[in-house]
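Chains as they are written, first to last, in our numbering: chain A, 1 to 176; chain B, 1001 to 1166. Presented below is the structure to which this report refers.
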Amino acid sequence: MMRYLIPLFAFLVLAAFLLVGLTLNPRQVPSPLIDKPAPKFQLSQLQEPDKIMSSDDNLGKVWMLNVWASWCVACRDEHPLLVQLAKTGIVPIYGLNYKDERNTAMQWLKRYGDPYTISIVDSDGKVGIDYGVYGVPETYVIDKKGIIRHKQIGPVTVDSLEKTIIPLIKELQQQA
Amino acid sequence: MKHQLNGVTKAVVLVFLLFLLIPMTGWSKEAVPVAEDPEVEKRMLTLTENLRCLVCQNETIADSRADFSNDIRREIREQIKANKTDPEIIQFLVDRYGDFVLYNPPMKATTILLWFGPAALLVFGLVSLIMYLRRRRVQIEEVSLSQAQLEKAEALLNEDKKGKNV
Chain A
1 MMRYLIPLFA
11 FLVLAAFLLV
21 GLTLNPRQVP
31 SPLIDKPAPK
41 FQLSQLQEPD
51 KIMSSDDNLG
61 KVWMLNVWAS
71 WCVACRDEHP
81 LLVQLAKTGI
91 VPIYGLNYKD
101 ERNTAMQWLK
111 RYGDPYTISI
121 VDSDGKVGID
131 YGVYGVPETY
141 VIDKKGIIRH
151 KQIGPVTVDS
161 LEKTIIPLIK
171 ELQQQA
Chain B
1001 MKHQLNGVTK
1011 AVVLVFLLFL
1021 LIPMTGWSKE
1031 AVPVAEDPEV
1041 EKRMLTLTEN
1051 LRCLVCQNET
1061 IADSRADFSN
1071 DIRREIREQI
1081 KANKTDPEII
1091 QFLVDRYGDF
1101 VLYNPPMKAT
1111 TILLWFGPAA
1121 LLVFGLVSLI
1131 MYLRRRRVQI
1141 EEVSLSQAQL
1151 EKAEALLNED
1161 KKGKNV
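Structure (structure tokens):
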């Protein structure tokens, strides 16, 4: 009896591994930047090109950095959610306009709404490389000490906002 | 005569039309050099052949035409020109994209299964095969027939032969 059960058992173990494998997303590569200081940047602002924004400006508050571009189709999907989130005032959202044209980007914001406290321009994608960006949209949650606490690869969803991002932000805001 | 004149006018008009094309050369651009510095390009290629493009995960950064790989190649070229060593450049990318960019993952607690899993499976398979074969050898014992059984078998075989011949 036992000798017939062994292959069955082996099959079940294999099936369980494959089943777990099916639910994983190969595009979601864990970022080594989690719990590390957010890379520093000094970039020109989208709406006011003369003004420079530095990553240090946000020390002392919890903030979100959303990497977006007007050419990015998935960004359009998540955009209404970001607009809504910005309206609630839970967290300031900063936009990293990644490898984009300034004018097209501004038109895009006019058309779909502007949830960003400030958008900064990373036209050659250098800051993107520092942040390990490889597929827009990507969203980072950065704490008061400037440490990256979460990275969302791909568009944010209602689910990811409600279950992960917003609870995390509230928790981080409690910290000194 | 009239015919010849026509030919000359034709030629003049044609030359004039050709002159009109001169401004078209203004549209053309200088071909972008594939490699500014062959030395840098060679080092960049050897480096990127062992790096994974994160957008198209089964391609190396050297092979990939994705925008992401373009950017990384450009970054690596710049770093080579800035006299960074190969390990420094690799570390730069690992710091940002994790071990996943490497096609040769380092040996770590998290990658032990990756490094030794196949070998462990092979050993497991060999051991089970040997055990199975040993057990089977015990099971298959040669059974010797008694004289009476042999005769009976002989008789049966002969009967069969006869039957066929008929």
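Quick reminder that beta carbons are idealized off the backbone N, C-alpha and C, glycines included.
Could you spell out the range, first to last residue, of the beta strand (DSSP E) harbouring residue i?
i	result
V1055(B)	Per DSSP, V1055(B) belongs to no beta strand (DSSP E) and is neither H nor E.
G1203(B)	Only positions 1001 to 1166 of chain B appear in the structure, and residue 1203(B) is not among them; the question remains open.
K151(A)	I148 to I153
I142(A)	E138 to I142
Q42(A)	Q42 to S44
Mapping DSSP to helix, strand and coil, what is residue i?
i	result
R1065(B)	coil
G125(A)	coil
N1117(B)	The identity of residue 1117(B) in the sequence shown is Gly, whereas the question assumes Asn. Three-state result, G1117(B): helix.
P92(A)	coil
P1105(B)	coil
W71(A)	coil
M106(A)	helix
T1060(B)	strand
V1158(B)	Sequence check: residue 1158(B) is Asn here, not Val. Helix.
N1083(B)	coil
Return the chain-ordered list of same chain residues with a C-beta closer than 6 angstroms to the C-beta of residue i, the five sequence neighbours on each side being excluded.
i	result
Q84(A)	none
D100(A)	A69 and S70
I1072(B)	I1061
L59(A)	G146
Just curious, the alpha helix (DSSP H) that residue i is in, first and last residue?
i	result
D59(A)	It is Leu, not Asp, that sits at residue 59(A) in the sequence shown. From DSSP, L59(A) is part of no alpha helix (DSSP H); its letter is neither H nor E.
Y131(A)	No alpha helix (DSSP H) contains Y131(A), which DSSP labels as neither H nor E.
Y4(A)	M2 to T23
R1043(B)	P1038 to T1048
P167(A)	I166 to Q174
Spatial neighbours of residue i within its chain, please: C-beta separation below 7 angstroms, excluding the five flanking residues on both sides.
i	result
F1068(B)	C1053, L1054 and V1055
Using 7 angstroms as the limit for Cβ to Cβ distance, is residue i near chain A?
i	result
Y993(B)	Because chain B in this structure spans residues 1001 to 1166, residue 993(B) falls outside the shown range and cannot be described.
D1071(B)	yes
G1098(B)	yes
V1055(B)	yes
E1036(B)	no
F1068(B)	yes
Ignore the nearest five residues each way along the sequence and tell me which others in residue i's own chain have a CB closer than 8 angstroms to its CB.
i	result
L168(A)	V141, R149 and H150
S160(A)	Q152
Give a yes or no on whether the minimum CB-CB distance between residue i and chain B is below 7 angstroms.
i	result
Y134(A)	yes
V29(A)	yes
I153(A)	no
I129(A)	yes
Touch test, the segment 146 to 157 of chain A against the segment 1099 to 1111 of chain B, Cβ-Cβ under 8 angstroms, three pairs minimum: No, because fewer than three Cβ pairs between the segment 146 to 157 of chain A and the segment 1099 to 1111 of chain B fall closer than 8 angstroms, the two stretches do not touch.
Three-pair Cβ contact test at 8 angstroms for the segment 6 to 25 of chain A versus the segment 79 to 96 of chain A: Not touching, per the Cβ criterion.
At least 3 beta-carbon pairs within less than 8 angstroms: the segment 1016 to 1026 of chain B vs the segment 1079 to 1091 of chain B: Using a C-beta cut-off of 8 angstroms, the segment 1016 to 1026 of chain B makes no contact with the segment 1079 to 1091 of chain B, since fewer than three inter-stretch Cβ pairs fall below that distance.
At least 3 beta-carbon pairs within less than 8 angstroms: the segment 1040 to 1052 of chain B vs the segment 1082 to 1091 of chain B: Segments in contact, yes.
Touch test, the segment 123 to 138 of chain A against the segment 30 to 50 of chain A, Cβ-Cβ under 8 angstroms, three pairs minimum: Verdict: yes, contact present.
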